[in-house]
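Per the numbering used here, the sequence shown starts with residue 29, numbered consecutively. What follows is a short report on a single structure.
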Amino acid sequence: MGLLPTRGVAMGAPMPVLVVQGVVLVLVGALAVTRLAHAHPASALRTHVRREDEVAEVLMSLGMLAMLLPAGWPIPRAGWLAVFALAAVLLAVTWVRRRRDDTCCVTSQCGHHLLGSLAMLLMLAAMAGHSAGHGGHTGGPLLATAGGIAVAYFAVDVGACLVRGRRRAASGLPLALRHRTRLTGRAAMNAMMAAMLVTMS
Numbered sequence: 029m030g031l032l033p034t035r036g037v038a039m040g041a042p043m044p045v046l047v048v049q050g051v052v053l054v055l056v057g058a059l060a061v062t063r064l065a066h067a068h069p070a071s072a073l074r075t076h077v078r079r080e081d082e083v084a085e086v087l088m089s090l091g092m093l094a095m096l097l098p099a100g101w102p103i104p105r106a107g108w109l110a111v112f113a114l115a116a117v118l119l120a121v122t123w124v125r126r127r128r129d130d131t132c133c134v135t136s137q138c139g140h141h142l143l144g145s146l147a148m149l150l151m152l153a154a155m156a157g158h159s160a161g162h163g164g165h166t167g168g169p170l171l172a173t174a175g176g177i178a179v180a181y182f183a184v185d186v187g188a189c190l191v192r193g194r195r196r197a198a199s200g201l202p203l204a205l206r207h208r209t210r211l212t213g214r215a216a217m218n219a220m221m222a223a224m225l226v227t228m229s
């Protein structure tokens, strides 16, 4: 009891779809870990990495992957809530306090990852209602409205990622650090996040 009820999110999705989503999440997380490896002080590419964004990307990948796994992960729901609540607070503080950093070549994504963390908290709240034996919009109109806004944001951001990816020329950076690689991963995460939010409505 108290474990993340993964079947509540995956319900109704064909197994091949879940497998594809799981593979994509593993790849996105692995790319973020690879970028973190380039962030160490001795790396010549450290200016192309923002640690807070990559850590948030890894966390989001793990959280979403846990929702897809049929057996779930042995992590209490309270643990996931605490992790994403803390992530949201830290990302919000970083977003508000950030200044222009000429030593970093990458634009901060703290605002986007903050919204992602809030969306994860939203899904966890909805899943708590489902596991308690309720159906439909378990959090009432407020939760349903917040979910709808989140779905709209992630859907629009998918389109924005695709447009921005077409405008940017390929660079000589390693694959994991390339602008298009980041945008592709972000678009994929957006699409899966929107789909999961829809299943919770």
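Glycine included, C-beta positions come from ideal geometry on N, C-alpha and C. All of these numbers come straight from a predicted model, not from anything done at the bench.
Hey, quick one: how far does the alpha helix (DSSP H) through Ile103 stretch, first residue to last? Mapped onto the sequence shown, residue 103 falls at position 75. Where Ile103 is concerned, there is no enclosing alpha helix (DSSP H), given that its DSSP letter is neither H nor E.
At which residues does the alpha helix (DSSP H) containing Ala60 begin and terminate? Numbered from its first residue, the sequence shown carries residue 60 at position 32. For Ala60, the enclosing alpha helix (DSSP H) stretches over residues 43-65.
Does the stretch 85-92 come close enough to the stretch 141-152 to have 3 or more Cβ pairs within less than 8 Å? These segments touch.
Quick check on the DSSP output: what are the complete alpha helix (DSSP H) runs of length 4 or more inside the stretch 167-209, in order along the chain? Taking only runs of at least 4 residues, the alpha helix (DSSP H) segments lying wholly in the stretch 167-209 are 168-195.
Expressed to the nearest angstrom, what Euclidean distance is found between the alpha-carbon atoms of Thr227 and Ala72? Residue mapping note: residue 227 aligns to position 199 of the sequence shown, counting from 1. Residue mapping note: residue 72 aligns to position 44 of the sequence shown, counting from 1. Cα to Cα, Thr227 sits roughly 43 Å from Ala72.
Using CA coordinates, which residue listed in Ala67, Val179, Arg194 is at the minimum distance from Met217? For the purposes of this step, residue 217 is identified with residue 189 of the sequence shown, where counting begins at 1. Among Ala67, Val179, Arg194, the Cα nearest to that of Met217 is on Val179.
Which value, in whole angstroms, describes the spacing of the CA atoms of Gly187 and Pro42? Numbered from 1 along the sequence shown, position 159 holds the residue referred to as residue 187. Numbered from 1 along the sequence shown, position 14 holds the residue referred to as residue 42. Between Gly187 and Pro42, the C-alpha separation is close to 25 Å.
DSSP state of Arg3 mapped onto helix, strand, coil: No information on residue 3 is available, as it lies outside the stretch 29 to 229 that the chain covers here.
Buried or exposed (CB count within 10 angstroms, at least 16 for buried), Arg194: For the purposes of this step, residue 194 is identified with residue 166 of the sequence shown, where counting begins at 1. Around the beta carbon of Arg194, fewer than 16 other beta carbons lie within 10 angstroms, which makes this residue exposed.
Under a three-way DSSP split, which group does Val250 fall into? Residue numbering for the chain in the displayed model covers 29 to 229; residue 250 lies beyond these limits and cannot be assessed.
Which of the three DSSP states, helix, strand or coil, is assigned to Ser145? For the purposes of this step, residue 145 is taken as residue 117 along the sequence shown, with counting starting at 1. In this structure, DSSP gives Ser145 a helical state, which the three-state scheme calls helix.
Cα separation between Ala58 and Gly50? In the sequence shown, counting from the first residue as 1, residue 58 sits at position 30. In the sequence shown, counting from the first residue as 1, residue 50 sits at position 22. Each residue's alpha carbon lies about 12 Å from the other.
Check whether the Cβ atoms of Leu149 and Phe182 sit closer than 9 Å, and answer yes or no. Numbered from its first residue, the sequence shown carries residue 149 at position 121. Numbered from its first residue, the sequence shown carries residue 182 at position 154. Not a contact, by the Cβ cut-off of 9 Å.
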